[in-house]
Structures are given as structure tokens and as C-alpha cells.
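*Asks:* Below you will find the structure I want to go over with you.
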């Protein structure tokens, strides 16, 4: 009886792993295709088999994608746009996260009239599709003199990100022990003292979640980048699109694959480094501790 | 250290009035306990004193200085919270010096203060630990240490022992009392536990529904409760409250408990009855503490303040130190605290002595003590 049960259990195990393995392969397949083809000479890809390993390995497509490929009309490769994306992402993530923390602090620790309404309004911004704000935002950037600059993109992404970051921090701080804040106030901490010395140092999980979320979204964001930037300020996503769509006659698939992978590397790095915190952060508050 | 005066404090949230015209004053070095059931407004009152909530009306004075409008940080008042509220990102030493850092006390003095507080509370070996590495009792000590470090004028304790297990709670209670005696600090302490209130306080304010029911020494509150609520709330077991009829002539009044005037349920009162004479011929509520009732011993003389009654034993509850007997007196149950070795059995009829010096009466309409 016991043996029978354990055998059934073993079979279930095998089935479970088989399914998981199959799904993992399914997810990894596009990555595999991208990587192997980015190391092939173009002839081999034209030859037909996307799945096979490269016959002759070459890093030329990567070098080309990085520094010499035709982006629009310039043969600059992705490098300057990679830099643009960094100059965009770092301040946009930092500013939107800090504003989110500040908003969350104010919305939860100060009971003021209309707090719930204000939060609902900010939450609403999360559900507004990007396209709706394009024209008003273009107008705003024009008035601010930020049109076509990386700073302008930082502004747009910060504004658009505040809804999310506020949501994250507000919910985290709503569950934050109120007595800690009261105690800090009695001990003499002021408005920013409480935020900087008590709330933020105890917010690691939600800061990590917010940073990953914002980093991934802004790094991968295309529509605002395409709409509000010019040749000098394209983020990487737009440059990648231009790389793929540059009509110089032949489609260099191997370069495209390499370029796409270059564009994906930073978000992968962020996930690998902090993925466990991400999961932990999403669970934060569900259990004590 | 300072004297604290609350003058006509009122607090409302919208249309709900939480505190009704509260006026209490304590002298420097007193230990005031606010006690009452949950929702009685005691924590709100503490928050008003701490400056965390603003009163709707009235003022808070510390040594005569009106501090009602001061922000909490400028009142020089320290608070120990129920959850300890230790900052999880800081070590014990950092926690203790936090209020000093916030008040820009210089580094050498801070270190000195942390050292002396840690020594006083015997937590020197814990200074480099984080709060999560401490046990409940240790956290409690650190929380008290943080309150001490500032050398405040007033200490506030908000149910500080509620999160501790039973044994530790007793130990910490003694610790807090020792600390009070050593520092001579003015302390305001909130609890729902009437035993904590009795053991710690030099003065107790019993609250219910946002109103101070009685403000007095533990002795007064216990022995002469201002109304039936206080009588029922303070003490364990609670004071026995029974409807009784007062009859007789002036100077020779007697209470009859239960319906008929059976002789065993009649308690003659001493001649000096004060306000009771006005209740001749009327119903009152008689209040008798469990320890004011004792078993008649063979051959022992009945004292001048003692009256014999006859009652039937309903339940015997030995507690070790003494035995509680639930008795039936004319259809009303009441509890007596008897010797631990009592041989009484349930169902048995027996004679008991009531100490009339410890008997109090309440007005059945107003529920107030008849003085």
C-alpha cells in the first residue's frame, strides 16, 4: 500500500518536472535563437536553420551592433543610445522612487482631508494609456523647453511613474508600524527626519521592488522615447527600432539579434542581482517580520 | 521631573466625543495610572499629553507651563510604547541615543548617557545588537532605556507590559516600580489591567466612556469606589454588589439582602452611617469586598464591626493562597475570600462574618457611592 502510494507520488513528480522543463525550454527558446544567431555570419542565417549552432563563431555582429551599425542615417551603432538610456533611466528611477516614498509617507502618516481622494486620483494615473497623454505632454514639454532632450524624457517618465511608485510606497507604509513613527516624532525627528531616518532605512524590500519595476519599464519604454526625443536623445529602444528598420538593402539579422540582446542585458542584470528581493518584496506584509 | 496638570481636557473626532472635560493633577514624582476598559479614552488622553493629538478644548500644563500647543519633540516627554517601537534599522545603542541625536546633544555626552542607562537597566551586553535579536523582555528594557536617556520631565507608558508573557510581566512590573522609586520620576501609565494599576500607582484615575470615574489613591479606589463601575472594575475578584433594603431607625439602620427579612440576611450597620440615613426605607446597592467576608470559627468572638450572616455555598474555588467561595445569600450570589484550608462543601449552609467597616452602599439610580 505504502509502496503503491510512493510510486504514484514518484510518477507525479516526474510528470511535474517534465512539464516544468518543457515550459522552461519554451520560454528560453527565443533567447537561444537570439544568442546563437547573433554569433553566426549572415550567410549561415540565410542558409535557413535558425535553430542550429553557429558553424563558424563570430563576434562581428556584436561589435557592429555596438559601434558601427547604421542607426537611422548615422553609422554609430547602439553605443551612444545605450548611454542615453542610462542618462534617462538613472535619474528617472531615482526621482520617481523618492517622490513615491514621499507621497506614500504623506498619504499614510498624516490624516488630512481628501487623502483618500488624492490617492485615488494618483492611482487613476496608473490606468491611463500612454497614448492619451502624448499630445498634452508634447505641449507641456514645449512650454518647459524640454522637447527633444533626455531631460524631457526623464520628466515624462517621472510623471508617469509617480502613480506606480506612490501606490507601492503608500501600501507599504500603510502597514508600517504607526508606533515607530509616533515614537520618532516624540524623540524629536521632524518631517524629513522621520522619512529619512525611520521610514526609508526600513523600506529596503519596497525600494527594491520599485527600482526594478521602474528600471524595467523606463528602460523598455518605447512610445515616449519615439515621440519626445530627437536624433541626439533617442533612448536605446528607439535606436534598436531604427537599427532594425534602417533600409541599407540587406537585413543583417545577426546584428539585429545582437542589438536586441544588448538592449535586454541591463534589465536581465537587474533581475539576476535583485530577483530574490523582488519576490520577497512582493510578499512583504503578508507575514509578520 | 515635573508636576502635571490636565485642565478641562476635551477631545472629539467629528461628532464623537472621546474625552469629556477631564481635569486631573499630579505632583512631581507621582505615579499616575490611567486604567479602564478598552475604548475608555485612556490612550487618547495619553496622546494628548504626548502632543501626538491636539485636544479639542482644555490645556495640558507641566510645572505650570502650558504645553498644549507645543509639538511633541519640544515637550521633553518620553514615551514607552506597547509594541516597544524600537527602530529596527538601529542597534540598541543607536536606539537609546536616538532622541539625544535628534536634540543635537554632543557625542561624548551621548555615549556617556547610553553607558549609564545601559548599566542601570543591565543591558550593557546588548548594545551592539539589533532589536530583532532581542527577547521581549530585553526589548522592553531597551524601550525604557531610550525613554530614560533624554532625562525627560515626564514619562508616559502606554500599556508597556501587555506584550509580555505572564511571568515576565510580573518581573517587569516590579522593575518599573523599582525604577520609579530610584528615579523619583513623574510617570503616567496607561493600562487596562487593574492589578497593574493597583500595584504601581500612587494615584489611579479610573476611566470609562471618556469620563474619569474616580481619581484617588489605590486605597481609596479599592476601598471606597466612587460608583458601581469602579467597584466592579477594580479588584479581583470584583466587589460583590447586591440589591438591599435599608430599614430601621436613625442610629440603628440595617440592610436586608434578598426578599424576606430572614434574620440571617440582615446586616445591622454601625451607628455613624453618614449619608445613608437619608435612604431609610429605600433600596440601595450594597458593596462588599470578598475579603470582608470570613467564616465563623467555633469559639471565636464576633468583633464589634462584624455581623453574622447565613449563606449556602455554591462553588469552592481554591487558588492556593486562599480559597474563593461563591455563596448564595437570599438568592444573590457573592464571593468570599476564605482561608485556604477551609472544609466547606458545595451545598452546605454556613455562617459567615461580614466586616461592616468595609461595607459600602451605592444609590441604585445614580450608581454613585453614598458617602
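Protein chains in written order, with the working numbering: chain Z, 7 to 295; chain W, 5 to 375. For every residue, glycine included, the Cβ atom is placed at its ideal position computed from N, Cα and C. The structure presented is a predicted model; accordingly, all values stated were derived computationally and were not measured.
1. Count the other C-beta atoms from every protein chain shown that fall within 10 angstroms of the C-beta of residue 227/Z, then say buried if there are 16 or more, exposed otherwise.
2. Return yes when the Cβ of residue 312/W is within less than 9 angstroms of the Cβ of residue 376/W, no when it is not.
3. Which of helix, strand or coil does DSSP assign to residue 31/W?
4. Excluding the 5 residues flanking residue 23/W on each side, which residues of the same chain have their C-beta closer than 7 angstroms to its C-beta?
5. From residue 349/W to residue 180/Z, what does the alpha carbon distance come to, in whole angstroms?
6. Is there a Cβ from chain W that is less than 9 angstroms from the Cβ of residue 188/Z?
7. Residues of chain Z with CB closer than 8 angstroms to the CB of residue 56/W, please, in chain order.
8. Could you give the first and the last residue of the continuous beta strand (DSSP E) run that contains residue 208/W?
9. Per DSSP, which residues does residue 231/W bridge with? Please list them.
10. Suppose the cutoff is 6 angstroms on Cβ atoms and the five residues either side in sequence are ignored; what does the same chain contact list for residue 7/W look like?
11. Check residue 189/W in the structure and name its three-state DSSP category.
12. From the DSSP output, read off the bridge partner residues of residue 336/W.
13. Taking the C-alpha atoms as reference points, what is the distance between residue 239/Z and residue 120/Z?
14. Where residue 93/Z and residue 125/Z are concerned, what is the direct C-alpha to C-alpha distance, given to the nearest angstrom?
15. Within the continuous alpha helix (DSSP H) that includes residue 81/Z, where are the two ends?
16. Is it right to say residue 65/Z is buried, meaning 16 or more other beta carbons lie within 10 angstroms of its own, or is it exposed?
17. Where does the unbroken alpha helix (DSSP H) through residue 144/W begin, and where does it stop?
18. Is the stretch 129-146 of chain W close to the stretch 74-81 of chain W, with three or more CB pairs under 8 angstroms?
19. Roughly how many whole angstroms lie between the Cα atoms of residue 80/Z and residue 22/Z?
20. What residues in the stretch 89-104 of chain W have a beta carbon less than 7 angstroms from any beta carbon of chain Z?
21. I'd like to check one pair, residue 167/Z with residue 382/Z: are the Cβ atoms closer than 9 angstroms?
22. By the DSSP assignment, the alpha helix (DSSP H) with residue 145/Z in it spans what residues?
23. Tell me the rounded alpha-carbon separation between residue 177/W and residue 184/Z.
24. Touch check for the stretch 80-90 of chain W and the stretch 205-224 of chain Z: three-plus C-beta pairs under 8 angstroms?
25. Which stretch, first to last residue, makes up the beta strand (DSSP E) that contains residue 289/W?
26. Can you tell me whether residue 238/Z is helix, strand or coil according to DSSP?
27. Please report the straight-line C-alpha distance between residue 157/Z and residue 87/Z, rounded to a whole angstrom.
28. Run through the stretch 154-203 of chain Z for me and flag every whole alpha helix (DSSP H) of 4 or more residues, listed as ranges in chain order.
29. Contact between the stretch 129-145 of chain Z and the stretch 268-276 of chain Z: three or more CB pairs below 8 angstroms?
30. Using CA atoms only, rank isn't needed, just tell me which of 373/W, 114/W, 316/W, 167/W is closest to residue 332/W.
31. What is the rounded straight-line gap between the Cα of residue 114/Z and the Cα of residue 212/Z?
32. Taking its Cβ as the centre, do 16 or more other Cβ atoms sit within 10 Å of residue 54/W, making it buried, or is it exposed?
33. Using a Cβ-Cβ distance under 9 angstroms, would residue 207/Z count as near chain W?
34. Roughly how many angstroms lie between the CA atoms of residue 31/Z and residue 94/W, to the nearest whole one?
35. Between the C-alpha atoms of residue 291/W and residue 327/W, what's the straight-line distance to the nearest angstrom?
36. In the structure shown, what three-state DSSP assignment does residue 14/W receive?
*Replies:* A quick look at the data gives this:
1. buried
2. Residue 376/W cannot be examined here, being either before or after the span of chain W that is shown, 5 to 375.
3. Judged by DSSP in its simplified three-state form, residue 31/W adopts coil rather than helix or strand.
4. 13, 14, 15, 45, 48, 49, 214
5. Taking the Cα positions, residue 349/W is about 57 angstroms away from residue 180/Z.
6. yes
7. 188, 191, 192
8. Start and end: 207-212.
9. 372/W
10. Closer than 6 angstroms at Cβ, skipping near neighbours: 31, 32, 67.
11. coil
12. 333/W
13. Whole-angstrom Cα-Cα distance: 40 angstroms.
14. 30 angstroms
15. Element bounds for residue 81/Z: n/a, residue is neither H nor E.
16. exposed
17. 140-153
18. no
19. 51 angstroms
20. Against chain Z - using a Cβ distance shorter than 7 angstroms - the residues of the stretch 89-104 of chain W are 89, 91, 92, 93, 102, 103.
21. Past the edges of chain Z, shown from 7 to 295, lies residue 382/Z, and the structure says nothing about it.
22. Going by DSSP, residue 145/Z is part of the alpha helix (DSSP H) stretching over 136-150.
23. Spanning the two alpha carbons is a distance of roughly 25 angstroms.
24. no
25. 287-292
26. coil
27. 14 angstroms
28. 156-180, 184-193
29. Contact annotation: the stretch 129-145 of chain Z does not touch the stretch 268-276 of chain Z, with fewer than three C-beta pairs closer than 8 angstroms.
30. For the set 373/W, 114/W, 316/W, 167/W, the Cα lying nearest the Cα of residue 332/W is the one of 316/W.
31. 15 angstroms
32. buried
33. So, interface residue.
34. 46 angstroms
35. 20 angstroms
36. strand
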